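Single-structure report; data block below.
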């Protein structure tokens, strides 16, 4: 088979799908891209067995059809060094020889038999659920929650984003048992109730390819796999098996104390004060009296301490609560409104952070952070 | 630059404190240690040493050797108080000091010779400590910690000597290799069997051969024998682990009782962790069978200071380590991998009620002592032991705990790595 392709266009597609290739593959074939050409459409596949990314390019100048696995590293490394110019790929599927010709050069690579590449898992027809979702909504659902996912080998269900579909709304949830994010969209609904856990890696792959997407994304899934079909990309991934913990029951509902504060000011103060916190625990204490918030941290080992006072609107009893500064900073960085509301009840219960104003009426975002145990 | 390091050691510290409180003890052989046969000697007076008694010897043997000795149970609180007094005096005068154990201090007074002369300054400090606390203290002044410590040993009782730099080899050479702090029983016997008895001989052994013989430690020992020890005097060193262990009066294989004891030990230690705002990441359980076979097993865990995480972990380790149907002589638990910090609460596991229970119990313990509230399993244990030793006013457990405390404190310099 033979085709002509623009070097830059090919590179951008290859770089997008190459993110899926793992550094520690068990199967050597997975270090390759699978190229298959049919009816003028070039399909490139990369996989790590758990997730598979497929991209398509419509080409004008093609000849023949077939498939071949081409080493990923050598191909991307070569293409990076080209400026925009047409490249001719000539592939002999019998000898597995790949010849790339540019205006002034010729490069040969040995490919491998494309049939050795693992099959893309199919969504089972009898359990298939289908849904069309706006690319932008899917992107913000993943982008807002992915930071809260865990890296816990003992509890794999926590290592992904839990996506729950119902006839009223769609909810994205992520938690590492210390912090939790719940992102709800009322403008995306499904006919039947369904839920699945999207692992962290495919979620971050999606986060990378979604910004370019303008159309609706087709989502299909069964009990084992999910497939996301975009205009030029398709991602198929294995889902995390198991039940997601019942997150709704741990979100405290009765939070009488409310603090409204400028998000950026709060964020910056925390960044400064946390420098003085103990580097192992990152404990910062928030003390609330009247309409004043005092953020303080200390590291006894080095005899350093930092305190900053901030104005806020506070309704509630005076209280002191401790948080891990890195978590609190992360949460504030993932909110976008100018003011945030922090709802609390006592120093042993979770604090809830909400945007003070809603930017989109279809959006409902809740971030929760468990405190650290400080002696009152 | 040549350094001037002082090592100060309180002579028979525990005995000296007891004598301050009870002058009748002066001039008589005194042994500090638990009353039961299984306890060990924590400290003994020079009068008792004449009979062959030495510290870490079983009480039973000590009593047999010296029947007229006065046996004192020991009061850790007053020892700590006096130790603090001494430390305060040293802290006031010395530029850099390190408290190596309850009765030992290292001082770095390099450069002091330009003003007073190190020997005069140290002598005056020693006199001041004796005057203000009434405790006899000895010191060694030399170029590094090892030589100073060995010198203190030579200065005792109640004296002080200086070993200036040029005389270090001459001072060390005739001494027994036992005097080097790192050489314990095993190493001593090994070296003795090779015909090495004095430090002078040890110095003539090639360093490479020592390494081949004893590994890395061999090199360190060889360096020490040559009066080389670059370790600095450190004002403060973070503790890396805490632990408790307990030797039984009678060997036991009552698994439930052992677990109850383990629980109460863990409970006490976790309270200590929380009080000091520390978290542990590694738990070790240790058992010693009646034939002195000692086994330890450890497990890494996520940073925590919670009873409900550590108690099941300790029990599980005990189940895994107690393999032989043999009586147990000693049981212990240790937390290591300590970091400073407080517990990050878990959304799914830590309920507010439970956290408040911990906080309330800790408040009670801070106010009324660490035994103010405890798990019921520990109380049962205490009652049983009270029954067992009714003639003793103080419950056996307290006595054992105190005995353990004495051992722990004495062992601090080995037990706590820096």
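Chains as they are written, first to last, in the numbering used here: chain A, 533 to 908; chain B, 1355 to 1772.
C-beta: ideal position from N, C-alpha, C; glycine also.
Note that the structure is predicted; figures quoted are calculated from it, not measured.
Grouping DSSP H, G and I as helix and E and B as strand, with all else coil, what is residue 1458/B? Strand at residue 1458/B.
Partner residues on chain B for residue 903/A, Cβ-Cβ distance less than 7 Å: Here the neighbours are 1699.
Can you tell me which of the three DSSP states residue 1366/B falls into? Coil.
Below 8 Å, how does it come out for the region 1675 to 1688 of chain B and the region 1612 to 1620 of chain B: are there three or more Cβ pairs, yes or no? Contact between the region 1675 to 1688 of chain B and the region 1612 to 1620 of chain B is established, with three or more Cβ pairs separated by less than 8 Å.
Name the chain A residues that come within less than 8 Å of residue 1419/B, Cβ to Cβ? Ordered by position in chain A, no residue passes the 8 Å Cβ test against residue 1419/B, which lies about 47 Å from the chain.
Do the region 1513 to 1531 of chain B and the region 1559 to 1570 of chain B touch if we need at least three Cβ pairs shorter than 8 Å? For the pair of segments examined, the region 1513 to 1531 of chain B was found not to touch the region 1559 to 1570 of chain B: the number of CB pairs separated by less than 8 Å stays below three.
Identify which residue in 703/A, 856/A and 786/A has its Cα closest to the Cα of residue 818/A. Looking from the CA of residue 818/A, the closest CA among 703/A, 856/A and 786/A belongs to 856/A.
Specify whether the region 750 to 764 of chain A and the region 864 to 880 of chain A touch according to this definition: at least 3 beta carbon pairs, one from each stretch, less than 8 Å apart. Contact fails between the region 750 to 764 of chain A and the region 864 to 880 of chain A, because fewer than three Cβ pairs, one in each stretch, are under 8 Å apart.
Please return the same chain residues whose Cβ sits closer than 6 Å to the Cβ of residue 671/A, not counting the five positions on each side in sequence. The residues 742, in chain order, have a CB closer than 6 Å to that of residue 671/A in the same chain once the five nearest residues on each side in sequence are set aside.
Per DSSP, which one or two residues make a beta bridge with residue 618/A? Residue 618/A pairs with 538/A.
Compare the Cα-Cα distances from residue 1439/B to each of 1450/B, 1457/B, 1659/B and 1475/B and report the closest residue. For the residues 1450/B, 1457/B, 1659/B and 1475/B, the minimum Cα distance to residue 1439/B belongs to 1457/B.
Contacts around residue 797/A, its chain only, beta-carbon distance under 7 Å, and the 5 residues preceding and following it disregarded: Its chain contains 842 as the residues whose beta carbon lies nearer than 7 Å to that of residue 797/A, once the 5 sequence neighbours on both sides are disregarded; these appear in chain order.
If you draw a straight line from the alpha carbon of residue 1445/B to that of residue 1451/B, how long is it in whole angstroms? If I take the Cα positions, the gap works out to 7 Å.
Strictly by DSSP, which residues pair up with residue 784/A? Note: residue 784/A is not bridge-paired with any residue in the DSSP secondary-structure output.
When you compare only the Cα positions, how much space is there between residue 539/A and residue 614/A? Approximately 7 Å, taken between the alpha carbons.
Are any of the Cβ atoms in chain A nearer than 9 Å to that of residue 1694/B? Yes, residue 1694/B counts as interfacial toward chain A.
Got a sec: is the Cβ-Cβ distance from residue 1719/B to anything in chain A below 9 Å? Under the Cβ distance rule, residue 1719/B does not count among the residues neighbouring chain A, no pair being separated by less than 9 Å.
Can you look up residue 843/A in the DSSP assignment and give me helix, strand or coil? Three-state result, residue 843/A: strand.
Expressed to the nearest angstrom, what Euclidean distance is found between the alpha-carbon atoms of residue 1744/B and residue 1413/B? The pLDDT assigned to residue 1744/B is 41, lower than 50, so where the model puts this residue is not dependable; a value taken from the coordinates is nonetheless given after this. Residue 1744/B and residue 1413/B have their alpha carbons spaced roughly 21 Å apart.
Between residue 1514/B and residue 1418/B, what straight-line distance do the alpha-carbon atoms span, to the nearest angstrom? Taking the straight line from one Cα to the other gives about 34 Å.
In whole angstroms, what is the alpha-carbon distance linking residue 1381/B and residue 1401/B? When rounded, the distance between both Cα atoms is 7 Å.
DSSP state of residue 1753/B, grouped into three classes? Low per-residue confidence applies at residue 1753/B: pLDDT is 49, beneath 50, and the placement is therefore not dependable, though the value from the model is reported in the following sentence. In the structure shown, residue 1753/B sits in a helix (DSSP, three-state: H, G or I).
What does the Cβ neighbour count give for residue 897/A, buried or exposed, with the cut at 16 atoms within 10 Å? With 16 or more other Cβ atoms within 10 Å, it is buried.
Contact with chain A by residue 1713/B, beta-carbon distance below 9 Å: Chain A contact via Cβ: present.
Mind checking the region 814 to 835 of chain A against chain B and listing, in chain order, the residues whose C-beta falls within less than 9 Å of any C-beta there? If the cut-off is 9 Å between Cβ atoms, the region 814 to 835 of chain A has 814, 815, 831, 832 and 833 near chain B.
Can you tell me the Cα-Cα spacing of residue 1426/B and residue 1409/B, whole angstroms? Cα to Cα, the separation comes out at about 14 Å.
Residues in its own chain within less than 6 Å of residue 1746/B by CB, not counting five upstream and five downstream? With a pLDDT of 38 at residue 1746/B, under the threshold of 50, the modelled position of this residue cannot be trusted; read the value that follows with caution. None.
In the DSSP assignment, what are the bridge partners of residue 649/A? Within the DSSP bridge table, the entry for residue 649/A names no partner.
Using three-state DSSP, classify residue 1464/B as helix, strand or coil. Secondary structure of residue 1464/B (DSSP, three-state): coil.
Can you check whether the C-beta of residue 1633/B is within less than 9 Å of a C-beta belonging to chain A? Any Cβ of chain A closer than 9 Å to the Cβ of residue 1633/B would place that residue at the interface, and such an atom is present.
So, for residue 694/A: in the same chain, excluding its five sequence neighbours on each side, which residues have a beta-carbon less than 6 Å away from its beta-carbon? Cβ within range, chain order: 705, 729 and 776.
Would you be able to state if there are at least three C-beta pairs under 8 Å between the region 1360 to 1372 of chain B and the region 732 to 748 of chain A? With a cut-off of 8 Å, the region 1360 to 1372 of chain B and the region 732 to 748 of chain A do not count as touching, because too few Cβ pairs lie within range.
Along chain A, which residues have their Cβ under 7 Å away from the Cβ of residue 1722/B? Chain-ordered listing is empty here: chain A has no CB closer than 7 Å to the CB of residue 1722/B, the nearest sitting near 16 Å.
Indicate whether residue 564/A and residue 643/A have their beta-carbon atoms separated by less than 9 Å. In contact: residue 564/A and residue 643/A (Cβ atoms closer than 9 Å).
By the DSSP assignment, the beta strand (DSSP E) with residue 520/A in it spans what residues? Because residue 520/A is not part of the residues shown, which for chain A are 533 to 908, the question remains open.
Inspect the beta-carbon positions of residue 873/A and residue 792/A and report whether they are closer than 9 Å. Result yes, Cβ atoms of residue 873/A and residue 792/A sit closer than 9 Å.
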